[in-house]
Structures are given as C-alpha cells and as structure tokens.
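Okay, so here's the structure we're looking at.
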Amino acid sequence: MKTPTFFIEHEYWSQGVARIAGIDEAGMGALAGPVVAGAAIFSEPALEKITEQSKKIPLRDSKLLSAKQRERAFVFIQEIADAYAIGQASVEEIDSLNIRNASHLAMRRAIENLDIVPDMLLIDGASNTIHPSIFSLAVVKGDQLSYSIAAGSILAKVTRDRIMQELDGLCPEYGFKSHKGYGAKQHMEALEQHGATKHHRKSYAPIAKLLT
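First residue of the sequence shown: 1, per full-length UniProt numbering; consecutive thereafter.
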C-alpha cells in the first residue's frame, strides 16, 4: 500500500511556491447525487503532525480508509490545514455539462471557497485544465502520492457520503446510505421497482434507459 508524502510539495516549496492546494473529487461514477470536490492547503510544519498521528489517523486515498478512519481524518485535516474547502456540482449541472465538466466545476468552486488563494494546484488525475489562472500539475493516482491530494479526497468523500445519507432519509427505498448512489444491486433493483428520482443523473445510461 502506497503512503502519500509531501515529496511533490517539497519540490515546489523549495522554489518559493508557498501555497499549494491539493484537489480531488468524489462521486463521478455514481448514478445519483452531486459530484463533490475537496481542496486542502498545508504548510511544511503539518508533516510532523501527520507523522505523529499516522497510525491513529492515517492520511491517504479516501478509498483505502474505513468510514470511521475517514471521519477522523476529516476532522484532523480541518485542524492542521492552512485552508480547506468543498465545492460541488448538482445533478442538473452533471446532466447539462457532462460529468467531466461538472467535476471540473466542482473543483473550481472548491478552489474559490478557500480562504487562501493558492499559488499552485495539485490535481488528482490526468487533467490540469481546471483553473485558467493558477499554475496546475496533474498527478495520476495523486491521492496515493500527495498528502495534499489525499486530504482533498477525504474532504470530498466524507462530504458526499453525508449528502447521500441525507438523501437516504428523503428516499429510503433506494438505500443511498449504503451504496452512496453507485450501481449496487440494491440500487438497481430499487430503480426497477420505483423508477428514478430527481436525485438521479438522467444522462447516465442506466437511468436514461429507465426513462425511455
């Protein structure tokens, strides 16, 4: 299992690039709910705190953490980050823009919601065209390599999971609390039985098929 580091951040900190925001998203592949992005900025002293807490509160790709670990890490990030923020794009925006553009919109909103304007963006994935005026570096599997990106992934995942739990209260027959809107068997069976809700992405093939 890869453990993130500040290796990439150090490379740019040493060049005088002080404010580096790590960014990631959650929910691109889901059939329902928004796509959510998280952004986090750390300064170098955060490394000592992350190292001290590494066994109790691991900071890594959100997909590699349990729900309890993510919740603890979510609070920890808020305590040690210089700045952090969330952005999201709605189901309507996903359907009108397509998921790729909507995820980029969510990322831009997360950046704009930061209390500190970043000098540089570290973006999980292969696209560095998120923001027109901030120098950006795309990092494939960045949530496994960079603490900043891993923090963004945790912020996004925890926030989105909470949103889907709220939707579960509105639409309990779909089981959003357990599968978070992804194409699990329970979800697909509920769609067959009850049809799609306003929270479902009508541009996604399984939902579009139900509507034809």
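Glycine included, C-beta positions come from ideal geometry on N, C-alpha and C.
- Ala40: member of the beta strand (DSSP E) spanning Val35 to Ile41, first to last residue.
- Boundaries of the alpha helix (DSSP H) around Tyr147: Tyr147 to Leu170.
- Glu189 counts as exposed, since fewer than 16 other C-beta atoms from the protein chains shown sit within 10 angstroms of its C-beta.
- For Gly87, the number of other beta carbons within 10 angstroms of its own is at least 16, and it is reported as buried.
- The alpha carbon of Arg19 has as its nearest neighbour, out of Ala156, Gln165, Gln69 and Ser136, the alpha carbon of Ser136.
- Taking C-alpha positions only, Asn98 is separated from Ser148 by approximately 27 Å.
- In the same chain as Met107, and ignoring 5 residues on each side of it, the C-beta atoms closer than 6 Å to its own belong to Ile23, Ala37 and Ile130, in chain order.
- The beta carbon of Gln78 lies closer than 7 Å to those of Tyr84 in the same chain, with the five residues before and after it left out.
- If you draw a straight line from the Cα of Pro132 to the Cα of His104, it is about 11 Å long.
- Listed in chain order, the beta strand (DSSP E) elements of length 3 or more contained wholly in the stretch 110-141 are 120-124 and 135-139.
- Under the three-state reduction of DSSP output, Tyr174 falls in the helix class.
- A contact between stretches requires three or more CB pairs, one per stretch, nearer than 8 Å, and the stretch 59-68 meets this requirement with the stretch 154-170.
- In this structure, DSSP gives Ile23 an extended state, which the three-state scheme calls strand.
- Distance check between Ser14 and each of Lys55, Pro34, Ser43 and Lys141 places Ser43 closest, using alpha-carbon atoms only.
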